[in-house]
Structure formats: structure tokens, C-alpha cells
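In terms of the numbering used here, the sequence shown opens at residue 136 and continues consecutively. Below you'll find the structure, written out as C-alpha cells, and then a few comments.
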Amino acid sequence: MNIVGQRARRPDALDKVKGTARYIDDMALAGTLYAGVLRSPHTHARILRLDTARARQMPGILTALTAKDIPGKNIIPLIQPDQPMLAETEVNHIGEGIALVAGEYRVAVEAALAAIEVEYEPLPPVLTLEEAYEQQRIMAHWKIRRGDVKAAFAQAAIVIENSYHTPYQEHAYIEPNGMLAQPDGMGGVTVHGSMQCPFYVQKAVASILGLGLNQVRIIQMVTGGGFGGKEDAPSVPAAMTALLAVKTGRPVKLIFTREDDMTVMSKRHPGWIKYRSAFTQAGELLAVEVLYVLDGGAYATLSPAVLWRGINHAAGPYRCPHAHVDAYAVRTHKAPCGAFRGFGEPQIVFAAESQMDLAAEKLGMDPLEIRLNNALEVNDETITGHRLAGSVGLKEVIRKVVTAADWSAKRQSYAQSCAGSVRRGIGLAACYYGVGLGSLGRFLNPAGANVLVSGDGSVTLAVGTTEIGQGMVTVLAQIAAETLGSPMECVRVLPPDTSQVPDSGPTVASRTTLMSGNAVRAACLEIRGRMKPLLEGKSLPWADQVRLCVENQVHLAAQGWATPPKTTYDPETGQGEVYITYSFSANVVEVEVNADTGEVLVTRIYSGHDVGKVINPTTGEGQIEGGALQGLGYALVEEHAVQNGRIINNQFSTYIIPTAMDTPEIMPIIVEHEYAWGPYGAKGLGETPIIAVAPAVTGAIVQAVGLRLFEIPATPERVWQALRRKEAG
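So, in C-alpha cells, the structure goes:
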């Protein structure tokens, strides 16, 4: 291969570096109005009176709208249609929108929002996931029933049982949510915005406005990060903006402040995991019994799917013949949680990998040994009974990361140097990730791509998946160029526009390279097949190949369609081939812990990944480095402080994320066990880098200071307090 597997430069890099890339707030249309949202100050309350009359009459204000002004259905269509665009009779979390204003100036909009009269009757809120679980406020329940768990625990040499807690995590994308909508002059509306999934947004806007999908055009602007936070959540601001545009007949822009974005937009679910593991004396994992509970917030959004992915990986990347797992997403009166890189796995993997460490400790084994003894291989079955036919590189990944880290020597060295305030430790954790949407999302799994070769040899790709900083445009251009035999610089990927591109499914679940890549390859193979008869026996430059085909009236356009292999799932047992393939990952983390202050400094991360085939090593390494740093934040510092249902650290001065100064040396390690159905053998890489960082960090802390944490993040305060409790006995 000449192009796939090479370090091609990103075509969008120069504009971003120079500052000439146009984001949504850079977009200006003549006559644009500014929008504002009146938000609830209550966690849970009944709306007794809502009067916008004064606001409508204020200077510079064109309209003030409530739920009663919605012409379609006041529901965001998703897995469970329970979230209104605007609350009508009851608010269920702080920050929930109850009214909209559009005006000529931002200051006028702020004044009008303050003039809206609202009378509430406060209602009792449910604010913790434990309380919600006790009250059975269940929005989703999944289960796994495999083997004979009771018998397995009865014959176990050791049983490890613990409870774990994981925090909220903010997406912290650099660009907050924003939309600009305008009437199209034909009874429809066009919305430009920052998003991951334009076709999700299209369905929501059409539903709210009571329009057909062909009357709603959604265009993704350059998007400053997503990480799952711009999957379904942008549907609400898009629908708000579109409604105001239709009602006023003018363009309307709504840009969230950072405070609003952090207060109301989705985030990673807090988790509570009760975990029992059974092992033989030789360290073989016999069985797991797990209760996995996620705080879904006020509305379901994607919680059922997040929970489902988590439960399917509940035993980690290991053989486990017996399992009894129940997973619940519960409803609280807080901001909804939803998609976030890793999608339900970081929480459960923190617990599962901690259990592996504790078992190794109790059995006197090396954490490496117990993982290699149980690691999935070809022909093994996952916890869902999925027999793995190929592309299982877990053991090679583990061996390569521990070799790169010099695991055995450092583990011995750090164990012998435990004196002084600053102590060192090394930890290991592994995970796997079902690529794509799996059997639960099978109707969203297919992907389409349109490819056009123009007479001058330039190539245009149109796909419905989006570039959100991950490097999609580069990877798809490489696949197209490799398949067609064209130079990569000839290929251009169009910005997603629902009126111009096929629905390729959502840009989620590490599926873009696999699904859109296969669709692009299929279209390019069709075009290349038409060109082939004319080019037999000829050795021509690409431009001359195209010219010859054009002169002979060869049709140089095609649509590719990728439909994944069939998956299965039995909801009564949780058994089936729930994903088409899996990516595998392992991390070794080195830390320094100050036993006097509780500060934890991560000095190195060795992050290995079986990706099938890496299309572009540079973008692949970038995904690994970014995901590892995001996982480091989850492990050490990131959490929302919530008081009475209100997020009080809703800006970057108070919500702490790792900066460049906190970034350790990160060593990406790529392993290639090619997947037969993938484009050139590729699987996916977007999510695995974040998943198994936290348990590797806490495992390293154990070696450094002998302290096992059952709750993250491992902030200095939490570590210091735990050390003092340990000293006190």
C-alpha cells in the first residue's frame, strides 16, 4: 500500500493553526438576531405561571416564546422520548429551559429574560444515584446471565468484593455549543452549528417545528471538539434557534456561555459499582457478580445505550465463564448525562481492573501475570458469549507495553525504594471496546458515501460522519486515494450538509474509519472497476487516466454503502455476538506520590492499542495521546462539585483539567491485528485510549504508598485523607 499506513498531513491543519478556520460564532448573516434562554433556578418544581408579555414589549425584542408556541411535538426524539425542548408544566433540573427570547442586541435579550415573570412551586428533588436506585427511579435496566455463578463462587479459592464510585466528567471541548438558524424562504429552515451528528439534529428540529425532514437542512461548521458531548445534546439548542428563526423570519444565533454549557449540557455519568469476583488459586477468573448503577440525570438521552455498552464489558477483556450482572440507569433531578468518549466503559473498567489487582495481591501474583493468564485470545468467548474469530491482539498489546515500560525491573525497583516523602509506583490496566453501535444500534449502523471523480482528476467525497478534531477527513481521503490510485492531494471531503451527503450514521463508537471507510472504499472500488478496462496494459499518471475515461464517457461517480455483519443479542440473558469486532488496549502508568501532601504526579504513560490496521500513524498517535490525557484528568482531578443539585464549578477556572504543564511523557504503541471486514484491515481507535487509564493510575498509587482507592478522582485531598486514615488504623 502506498498511502494507507503512511503519515499524511491533515488538510484542515493549516486553517486551524493560522486561526482562519470558521467556527459557528465566526458566522455572520445580515439581520441576525441574538437568542437567549430563560432557565430554571430549581432542581424540581411545578411551573404555576409563566408570563412573557413584558419581555415581548421591550425595545429591541422581536419575540419571546414558551412551550405553547411550539408548532410540532415538544419532545427531542431519541431512545426514550422524554426530554422536552422547553419545560411546560414542570422543571426537572437546574438550568432547564422554560422560555426563549430573540432580539437585536445581546444586552436587550438579557434584559428581556429578566423581565419574564415565573411563579414556581418547589417539589422534593432526588439528587443522588443511591437514593434514586432505592426509590427504583429506573430509566433503563440490562442484565447478563451466564453459567452457574452460585456454583462458581462456592468452588472459588478467593472472592474479592468491593464497591466503587466514579465522578461526573465534563467534555471540556474548547468550543461551547452554538447554532445559527435561518428560514429558507420555502417554508423550511437551515441550521448551521457545532455538532457531531447532523442527522440527529435534523430529526429533532423537524419534530419540534412539525416539518418534513426535507424541509430541514443541517450544516456542520468547523467544530471545536465533541468527545460525545455534541452527539445528541446539540439537538436542543438547534431546535431552539430554529423555532426562533421561523417565528421571526430572520436569522437567529444562539451561543452558549461556558457556564451555561457546563450547567445544562450532558456529561459522563457518575457511577456506583458493587463488584464480586471469584478466582481459582492459580488466578483464573471464574465468575463475576456485579451491580452497575449510573446516574442518568433528569432525562434518558443516551443513557440506555451507555449502560448497555458498559454491561457488555463488565468482566474486562478476560475469559469469564460465569456472570450475573445487573445494570441500571436511574433518574435524578440533575442535568442529563449522555455520550462521552468510552461510553459507559471507564466506570465499569475502573472497578473490574481494580478487582484484578486485588486478586493478584491476595494470590501473591504479579498484576501482569494474572492478566496474561485470563486475557482473551482467538476462539475465546466474551462475557456475552461472543466467540472471537480473529483480530484479537490483547496479549501482544500487553506484552509490548510492559516491555516498553520495563515493567518487571521498575516494579521491583519501586518496591524496594519506599522511603521518603515522594514515592514511586507503576500500574497496569487493560480493556477492550466493541467497535460500532452493536446489535442495540443496528438500524443506525450502515454508512453511505458518495464519491465523484471530476474531469481534472480531483476527487470529492461526501459522507454524513463528521470531522470533530479526530482526523476523519485525512483518514477517509487516504482510503479513497489508495483505492482509486490517485494522489491524496486530489481528494477533498465535503463539509457535512444533510441536503448534500448521505446519512452515514452518527460519528460515535469508534465507527467512522470502519463504517464510513468501508463505504468510501466500496464507492471507489466501483469507480476503479469502471476505469479498469480502458487502462489495461497502460501506465499513465492519474490525471491522464481520468482524461482517458472522460473521453470514453466512463461514469466516474458512485455511492458506496457499508452494512456491517449481523450481530445478535438476547435481552433476557445478555448473550450474543453483540459487536462485529473489538479493539484492545493496555496502559502502564508510572507515578510519584507525595505521602505528606497527597499529590500524585504521573510521569509516564505507555499506551498500547490493537487497532486492526492504522490508516494514518500520526492521527492514530494523536488519538492515543489525547485520550490518555483525558483519562489522566478522569483519574486525578476532574469532577463536578454539586451542591443541592447545582454544579458550582461550571467554568474552567474552577473545573480542573490537565494542562500542558501536567502532561506526562506519553508513548503510543500501535499493534495491528487486521480485521478482515475492515477497510484495509482497520477497526477503530477513538475510545480505547481513555478507558483503562484510571485503574492503571490507582494501581500505581497502590505500589507507591500502599493505598487502594475505591473512588476517583485521586485528588490530593482524597489521597491525603485516605493516607491519614490508613496511618490511624
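Don't be surprised by glycine CBs; every beta carbon is placed ideally from N, CA and C.
Three-way DSSP call (helix, strand, coil) for residue i in this model
{"i": "Leu503", "result": "helix"}
{"i": "Tyr717", "result": "strand"}
{"i": "Asp396", "result": "helix"}
{"i": "Ser548", "result": "helix"}
{"i": "Trp542", "result": "helix"}
{"i": "Gln605", "result": "coil"}
{"i": "Lys497", "result": "helix"}
{"i": "Ala368", "result": "coil"}
{"i": "Ala524", "result": "coil"}
{"i": "Val570", "result": "coil"}
{"i": "Phe414", "result": "strand"}
{"i": "Trp677", "result": "helix"}
{"i": "Pro830", "result": "helix"}
{"i": "Arg241", "result": "helix"}
{"i": "Tyr158", "result": "coil"}
{"i": "Leu116", "result": "Missing from the structure shown is residue 116; the chain here goes from 136 to 864 and no further."}
{"i": "Gln331", "result": "coil"}
{"i": "Ala450", "result": "coil"}
{"i": "Trp812", "result": "coil"}
{"i": "Ala377", "result": "helix"}
{"i": "Leu736", "result": "strand"}
{"i": "Trp724", "result": "The displayed chain sequence assigns Val, not Trp, to residue 724. Three-state result, Val724: strand."}
{"i": "Arg577", "result": "helix"}
{"i": "Tyr769", "result": "helix"}
{"i": "Thr648", "result": "helix"}
{"i": "Ile196", "result": "strand"}
{"i": "Lys861", "result": "helix"}
{"i": "Gln355", "result": "strand"}
{"i": "Arg385", "result": "coil"}
{"i": "Glu225", "result": "strand"}
{"i": "Asp632", "result": "strand"}
Alpha carbon of residue i to alpha carbon of residue j, nearest angstrom
{"i": "Leu529", "j": "Tyr434", "result": "37 Å"}
{"i": "Ala692", "j": "Ile211", "result": "36 Å"}
{"i": "Ile603", "j": "Thr647", "result": "11 Å"}
{"i": "Tyr704", "j": "Asp461", "result": "16 Å"}
{"i": "Glu480", "j": "Leu348", "result": "34 Å"}
{"i": "Thr376", "j": "His327", "result": "10 Å"}
{"i": "Gln416", "j": "Gln290", "result": "10 Å"}
{"i": "Gly583", "j": "Ser651", "result": "7 Å"}
{"i": "Thr798", "j": "Gly418", "result": "35 Å"}
{"i": "Arg682", "j": "Arg656", "result": "22 Å"}
{"i": "Cys659", "j": "Thr358", "result": "27 Å"}
{"i": "Gln710", "j": "Gly520", "result": "6 Å"}
{"i": "Val253", "j": "Ala374", "result": "23 Å"}
{"i": "Asn514", "j": "Trp812", "result": "17 Å"}
{"i": "Val626", "j": "Gly571", "result": "26 Å"}
{"i": "Glu686", "j": "Val608", "result": "30 Å"}
{"i": "Phe578", "j": "Ser342", "result": "20 Å"}
{"i": "Val387", "j": "His690", "result": "42 Å"}
{"i": "His276", "j": "Pro439", "result": "8 Å"}
{"i": "Met802", "j": "Leu767", "result": "14 Å"}
{"i": "Ser645", "j": "Trp407", "result": "25 Å"}
{"i": "Pro456", "j": "Ala422", "result": "6 Å"}
Under 8 Å between C-beta atoms of residue i and residue j
{"i": "Leu587", "j": "Thr600", "result": "no"}
{"i": "Ala474", "j": "Ser401", "result": "yes"}
{"i": "Gly755", "j": "Ile805", "result": "yes"}
{"i": "Ser674", "j": "Thr823", "result": "no"}
{"i": "Asp641", "j": "Cys332", "result": "Here residue 641 is Pro; the residue named in the question, Asp, does not match the sequence. Yes; because the gap between Cβ atoms is below 8 Å, this pair is in contact."}
{"i": "Glu725", "j": "Ala835", "result": "yes"}
{"i": "Ala831", "j": "Asn751", "result": "no"}
{"i": "Met220", "j": "Asn209", "result": "yes"}
{"i": "Pro397", "j": "Ile782", "result": "In the sequence under discussion, the amino acid at residue 397 is Met, which differs from the Pro named in the question. A contact, by the Cβ cut-off of 8 Å."}
{"i": "Ile279", "j": "Tyr568", "result": "no"}
Host beta strand (DSSP E) of residue i (start-end)
{"i": "Ile295", "result": "Ile293 to Thr301"}
{"i": "Pro318", "result": "Gly313 to Pro318"}
Bridge-paired residues (DSSP) for residue i
{"i": "Pro699", "result": "Answer is none; Pro699 lacks a bridge partner."}
{"i": "Asp745", "result": "Phe719 and Val806"}
{"i": "Met253", "result": "In the sequence as presented, Met is not what sits at residue 253; that position holds Val. Its beta-bridge partners are Leu185."}
{"i": "Lys278", "result": "Asp461"}
Endpoints, alpha helix (DSSP H) assigned at residue i
{"i": "Ile229", "result": "Premise fails: Ile229 is in no alpha helix (DSSP H) and is neither H nor E."}
{"i": "Tyr268", "result": "Leu264 to Glu269"}
{"i": "Ala286", "result": "Val284 to Gln290"}
Closer than 7 Å: residue i CB and nearest the ligand GDP heavy atom
{"i": "Gly555", "result": "No copy of the ligand GDP occurs in the structure displayed, which carries no ligand at all."}
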